[in-house]
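First up is the structure itself, then whatever we jot down about it.
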């Protein structure tokens with residue numbers, strides 16, 4: 001499909017010239033019968049980074065990483081991974097559990113025995129905060145996910161692919177899992193993180209590929225994605241002053257009211273410009289926010305859905 | 001990959017060790033495959049009047065000499081092959097255990113191999129337990145043709161486990177495999193002579209029984225226990241089932 005070139009061009013543009021790509025995906029396409037799971041996906045992952053793959057459910061994220069991990073064969077396109085897929089790529093998949101009666105320590109030591117040069121599974125056990133004697137069936141959701149991550153790391157991989165790792169976890173368990181992922185990167189492991197949570201991306205990822213309907217919409221840093229979506233600030237407050245006057249300010253992009261709360265978006269010194277018109281004494285409940293990655297994601301994928 | 005090849009037997013042994021421990025932690029599996037056949041031999045042997053008296057229909061043997069222990073050995077193997085093994089494999093597939101393994105240097109077929117090894121060892125242990133308890137408590141003779149017994153037992157296990165693998169291959173989930181296992185098991189046990197000994201079957205039924213895997217297996221076990229010569233027909237039937245079902249399973253088995 002030569003007409004789809006721009007996507008890979010866009011991906012390549014955001015790759016710094018000094019980069020060491022450890023994973024290169026070039027015009028990946030994968031169909032299941034008549035259904036197209038991945039239309040045209042290209043990106044590169046640099047050694048040592050946490051690379052996010054975000055998109056809504058059914059966008060083609062999982063199929064993409066399963067192709068990278070060698071679990072599925074691309075229908076067309078090229079994938080290069082600079083590592084031994086079985087020995088040096090650790091994979092944590094969705095919906096993969098273990099036998100109920102296997103104990104944490106047994107599972108980790110068994111999986112360690114599969115690899116030629118495994119990591120010390122006892123270290124991973126401590127890092128994941130698990131008791132080796134607990135049977136799998138007795139683990140909480142968060143503990144299962146951390147065991148799953150530990151199993152992906154037990155071969156001492158150069159690349160770890162983690163798919164939907166915090167789905168269904170409570171906030172505390174998510175935080176603990178994030179800490180574990182951050183520590184993996186600190187050890188020099190390249191991480192490919194599939195997710196649909198923007199807070200996870202903002203917290204962990206160095207760069208992100210946004211995928212919708214089997215195509216890459218953007219590859220950028222989280223901050224870069226926010227800039228693409230208009231960037232800027234969001235001001236909320238309550239006031240009895242003249243709100244209409246704000247619309248004329250060059251810094252202001254929009255003024256809306258939600259109940260008795262006024263929402264002003266814009267760029268530059270937005271707060272200073274607003275305060276020049278409405279003195280602080282006439283404002284209450286003033287809050288300044290950055291445009292969130294969530295906003296940016298919705299802007300990007302929403303635009304795509306409308307096309 | 002040749003560098004990895006040297007590790008394969010060690011990895012399989014490791015995997016089989018863990019699978020064996022998991023098996024022993026399932027009280028239901030241990031009960032049905034190991035304890036029940038031995039317990040049935042003793043309970044029926046002691047409680048049913050006539051089972052410990054010479055029976056002219058069995059050529060003057062007591063039921064507890066050959067017929068009952070033979071059927072109990074068959075029951076262990078059939079339970080393991082048609083229920084325990086396929087259920088374990090389908091659950092592993094359903095829960096993504098096989099898929100997870102396919103991301104490691106060890107292929108998921110190693111897990112299937114480990115399951116086969118464990119179930120075969122359990123079948124042998126259950127057989128030894130049944131025959132030993134029968135010998136000590138009921139005076140059941142040990143197999144009078146030990147080599148023949150070993151041969152029939154091995155061929156019978158191959159045929160039955162291959163059929164179990166076919167069940168695992170065609171069943172989409174663990175509920176189906178359990179239902180299918182039971183649906184196949186009871187007619188096969190009947191045809192083996194579990195409830196109606198083969199000498200008492202009508203001629204037509206016995207002819208059908210001869211070519212079923214359990215009919216051939218059961219008669220082979222009885223002949224070997226009794227010291228009769230084994231019938232080539234039964235060995236051929238078992239080998240044929242083992243080959244056909246084995247090929248079928250290899251073709252149809254899905255890892256995810």
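Protein chains in written order, with full-length UniProt numbering: chain B, 1 to 307; chain U, 1 to 256. Built from N, CA and C at the ideal position, the CB exists for glycine as well.
- Beta-bridge annotation (DSSP): residue 131 (chain B) is not paired with any residue.
- Counting only Cβ-Cβ distances below 8 Å, residue 96 (chain U) has contacts in chain B at 93, 95, 96 and 97, in chain order.
- One finds nothing in chain U with a Cβ atom closer than 7 Å to the Cβ of residue 79 (chain B); even the nearest lies about 16 Å away.
- Residues of the stretch 66-92 of chain U with a C-beta atom less than 9 Å from some C-beta of chain B are 88, 91 and 92, listed in chain order.
- In the DSSP annotation of this structure, the continuous segment of the alpha helix (DSSP H) that includes residue 174 (chain U) starts and ends at 174-192.
- Taking 9 Å as the threshold, the shortest C-beta distance from residue 22 (chain B) to chain U does not fall below it.
- Membership of residue 59 (chain U) in any beta strand (DSSP E) is not indicated, and neither H nor E is assigned to it by DSSP.
- Look at residue 135 (chain U) here: in three-state DSSP terms it is helix.
- Apart from the 5 residues on each side of it in sequence, residue 109 (chain B) sits with its Cβ closer than 8 Å to the Cβ of 121 in its chain, given in chain order.
- Cβ neighbours of residue 83 (chain B) within its own chain (closer than 6 Å, five residues either side excluded): 89, 158 and 159.
- Looking at the DSSP output, residue 80 (chain B) bridges to B:24.
- Residues of the same chain with a CB within less than 6 Å of the CB of residue 112 (chain B), apart from the 5 flanking positions on each side, are 118, 121 and 154 in chain order.
- Unbroken alpha helix (DSSP H) stretches of 4 residues or longer found wholly inside the stretch 186-241 of chain B: 198-204 and 222-228, given in chain order.
- Burial of residue 23 (chain B) is indicated by the presence of at least 16 other C-beta atoms within 10 angstroms of its C-beta.
- Contact between the stretch 54-61 of chain U and the stretch 112-122 of chain U is absent: fewer than 3 CB-CB pairs across the two stretches fall below 8 Å.
- Only those residues of the stretch 101-126 of chain B whose C-beta falls short of 8 Å from the nearest C-beta of chain U are listed: 101, 102, 106, 110, 111, 113, 114, 115 and 116.
- A straight-line Cα-Cα distance of about 47 Å links residue 20 (chain B) and residue 165 (chain U).
- The stretch 71-79 of chain U makes contact with the stretch 117-127 of chain U: 3 or more CB pairs, one atom from each, lie closer than 8 Å.
- Straight-line measurement puts the Cα of residue 167 (chain U) at about 30 Å from the Cα of residue 69 (chain B).
- The secondary-structure analysis by DSSP pairs residue 163 (chain B) across a beta bridge with B:194.
- Around the C-beta of residue 172 (chain B), fewer than 16 other C-beta atoms lie within 10 Å, and the residue is accordingly described as exposed.
- Residue 238 (chain U) is a Cβ neighbour of residue 158 (chain U), given a cutoff of 9 Å.
- Residue state for residue 183 (chain B) is assigned as helix, using DSSP reduced to three classes.
- Between residue 34 (chain B) and residue 295 (chain B), the alpha-carbon positions lie close to 33 Å from each other.
- Taking 9 Å as the CB threshold, residue 118 (chain U) stays off the interface with chain B.
- According to the DSSP assignment, residue 207 (chain U) belongs to the alpha helix (DSSP H) that extends over 203-211.
- In the displayed model, residue 42 (chain B) falls within a strand according to three-state DSSP.
- For residue 69 (chain B), the closest Cβ of chain U is nearer than 9 Å.
- Counting every other CB atom within 10 Å of its CB across the protein chains shown gives residue 247 (chain B) a total below 16, marking it as exposed.
- Taking one beta carbon from each stretch, the stretch 227-246 of chain B and the stretch 44-57 of chain B have fewer than 3 pairs nearer than 8 Å; the two do not touch.
- Annotated three-state conformation of residue 102 (chain B) is coil, per DSSP.
- At the C-beta level, residue 109 (chain U) and residue 178 (chain U) stay beyond 9 Å of one another.
- For the pair residue 71 (chain B) and residue 102 (chain U), the CB atoms are nearer than the 9 Å cut-off.
- Secondary structure of residue 163 (chain U) (DSSP, three-state): helix.
- Listed in chain order, the non-local C-beta contacts of residue 260 (chain B) below 6 Å within the same chain comprise 238, local neighbours out to five positions each way being set aside.
- Under the Cβ criterion of 9 Å, residue 206 (chain U) is not counted among the residues facing chain B.
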